[in-house]
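Student: The opening position of the sequence shown corresponds to residue 1 in UniProt numbering, with each subsequent residue numbered one higher.
Every residue gets a Cβ at the ideal spot worked out from N, C-alpha and C, and that includes glycine.
Take this structure, written in structure tokens, and hold onto it; I'll ask about it next.
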Amino acid sequence: MRGVLKKLPIDTYMLLLIATVVIATVLPVSGSAARFVSHLSSAAVALLFFLYGAKLKAQAIVAGISNWKLQLLVVFTTYVVFPILGFGLAFFASSWLPEELVVGFLFLCILPSTVQSSIALTGMARGNVPAAICAASLSNVLSVVLTPAFAAVLLSTSGIKLDANAVIGIFVQLLLPFVAGQLLRPLIGAWIERNRMLTMAVDRGSILLIIYSAFSAGVVGGIWGRLDGMTLSLLIGLDLILLLLVMVIVRRMGQMAGLSREDEVSLLFCGSQKSLANGVPMVNILFAGHATGLIILPLMLYHQFQLFVCAAIAQRYAAGDEHQSGVREGA
């Protein structure tokens, strides 16, 4: 298991996430310093999506999109199965959870798939990597339109109204930099490919900045006084139930659709993952003025669970392939 986690570098990052929350709790930023951190994190997120756009190869999109059955199943899982399950679970848990946690749990369910970890896990499990690249990328591009639209519908029952400025903010901060990166890819794409640590540093750094800013505001507003052990346990249980239900449903859908073993793997990992890199910036834009620290918490927990559980499953897939190869060679 340690070898798998090292390939995904999630140990250090998980510790950094926890450390950021602890620092924000002990040393929260406020006033003009808080505004500076907020502006800095917004700039980092715009740079991140610019790098995403410059890094995405058109050939990978063409190769993956031809596998239309897999692409449709990933989109269906991400934007139909997840919201239905999330709405049902949130309905039963809403009496015991603070409103912001319910909103955060629902918001988690309408986010796109991850890019980096979905592809890494698919590769580790020897699935269809080009199709996974396309599925995760398509999910993220669609999220710029679908996530705010679904948020306006699903979250209206919680009394939160999303105005046009929030949607415009998503386009300006996420979509425009992504398009600019795609347009400039012929000039800078090769350089970015040679310097992958830059994208990773911007990715991790922007998320940590936003989490620090959100939890600082939450500490100043007294969020920890609303979060006891029972509430946290219930939230953890909801996240785990959601993850396990989705993985069972996704695997069954792949079997019913007659997908190959490689495509089944891609569907499992692209369909069950949720993007922290997209979710945190969107929370910061869509829910400005609300307790974003609590809203982000369900996503942060789910992100860690999905990495650990899916890494273990990917390892089992890889081990199964190695066993089959050994059997064939012995024969």
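Which same chain residues end up closer than 8 Å to Leu-208 when comparing Cβ atoms and leaving out the 5 residues on each side of it in sequence?
Tutor: Leu-16, Leu-17, Thr-20
Student: Are there three or more Cβ pairs, one per stretch, closer than 8 Å when the stretch 100–115 is compared with the stretch 265–283?
Tutor: yes
Student: Quick check: the stretch 94–109 against the stretch 264–273, are there 3 or more CB pairs under 8 Å?
Tutor: Contact fails: fewer than three Cβ-Cβ distances are below 8 Å.
Student: Would you kindly work out how many angstroms separate the C-alpha atoms of Val-22 and Val-141, rounded to a whole number?
Tutor: Answer to the nearest angstrom: the Cα atoms are 33 Å apart.
Student: Looking at the secondary structure, which residues open and close the alpha helix (DSSP H) in which Ile-236 lies?
Tutor: 229–256
Student: For the stretch 34–42 against the stretch 95–106, do three or more pairs of beta-carbon atoms, one drawn from each stretch, fall closer than 8 Å, so that the two count as touching?
Tutor: Cβ pair count under 8 Å is below three, so no.
Student: Whose C-alpha, out of Leu-89, Ala-34, Ser-216, is nearest the C-alpha of Leu-243?
Tutor: Leu-89
Student: With burial defined as no fewer than 16 other Cβ atoms inside 10 Å of the residue's Cβ, what is the status of Gln-255: buried or exposed?
Tutor: exposed
Student: Where does Thr-292 sit, in a helix, a strand or coil, going by DSSP?
Tutor: helix
Student: If we count the other Cβ atoms within 10 Å of its Cβ and call it buried at 16 or more, is Arg-196 buried or exposed?
Tutor: exposed
Student: For Leu-27, which of helix, strand or coil comes out of DSSP?
Tutor: coil
Student: Rounded to the nearest angstrom, what separates residue 333 and Glu-264 at their Cα positions?
Tutor: The structure shown does not extend to residue 333, since the chain is modelled only from 1 through 331, so no value can be given for it.
Student: Step through the CB atoms of chain C and report whether any lies within less than 8 Å of the CB of Leu-108.
Tutor: Checking the listed chains, one finds no chain C in this structure; it contains a single protein chain.
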